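Chains as they are written, first to last, in the working numbering: chain A, 200 to 308; chain B, 11 to 124.
Given below as structure tokens:
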């Protein structure tokens, strides 16, 4: 079992929709999670990070961790065409990061 | 502040050849890690260096190797290339180490093996 597993997508939504991106993790001891965004032909860049459980909000983006179900979610409100990218969940441990396989999102104008 | 720079950006090799990829981290960052990205497997960790020492290595064969120089620049080498080595190779640097710090990625080196 991989440490972090992610819904593969792809996901296509109309502009203005609410997007939900999800990952699950295997080890209940994990406490630190990150979401990276990767545009085409670019390297990933940090979008948000969360520690432990609960919600963290940053503008149109909300990251949520549910420790009871070992579920990580990223919500995007009022999605824009500029949000079209691949989203990767990640967890750092033992001097490396474990990434999900990524969900490709397309927001249609 | 300049970002992470990777060279070359694109390269084509044939099976059996070897390749060396280079990474210049953000100034002041001492931790450099390498990841292989493929459509099926996503990002897979290759190795991480801190102050010229390899601190962690992923589950890749010995054909994959790396090193870090005293100026924190890093190289990775793949010998006896196989078709399955075709991938985007990403380098990332961080100032705080890999357990809590944000990774800053380069744009990658896209390797095609024919």
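Even glycine gets a Cβ: it sits at the ideal position worked out from N, Cα and C. As the structure is a computational prediction, the values presented were derived from the model and not from experiment.
Would you check if the distance between the CB atom of residue 204 of chain A and the CB atom of residue 285 of chain A is smaller than 9 Å?
Their beta carbons are not under 9 Å apart, which means residue 204 of chain A does not touch residue 285 of chain A by this criterion.
In the DSSP output, what is residue 36 of chain B paired with across the bridge?
Note: residue 36 of chain B sits in no beta bridge, so no partner.
Which same chain residues end up closer than 7 Å to residue 30 of chain B when comparing Cβ atoms and leaving out the 5 residues on each side of it in sequence?
Closer than 7 Å at the Cβ level, and outside the excluded window around residue 30 of chain B, lie 85, 87.
Measuring alpha carbon to alpha carbon, tell me which of B:100, B:52, B:114, B:28 ends up nearest residue 72 of chain B.
Answer by Cα proximity: B:28.
Rounding to the nearest angstrom, what Cα-Cα distance links residue 303 of chain A and residue 282 of chain A in this structure?
Between residue 303 of chain A and residue 282 of chain A, the C-alpha separation is close to 10 Å.
Can you check whether the CB of residue 121 of chain B is closer than 9 Å to the CB of residue 298 of chain A?
No, these two residues do not count as a Cβ contact at 9 Å.
Just to make sure I have the definition right: I need the residues of chain B whose C-beta is within less than 7 Å of the C-beta of residue 293 of chain A. Which are they?
Going along chain B in sequence order, the residues near residue 293 of chain A (Cβ under 7 Å) are 66.
Assuming the contact rule is C-beta atoms closer than 8 Å, residue 97 of chain B and residue 48 of chain B should be a hit. Round their C-beta distance to whole Å, please.
About 5 Å separates the two Cβ atoms, so the contact holds.
Express the C-alpha separation of residue 245 of chain A and residue 279 of chain A in angstroms, rounding to a whole number.
In a straight line, the C-alpha of residue 279 of chain A is about 18 Å away from that of residue 245 of chain A.
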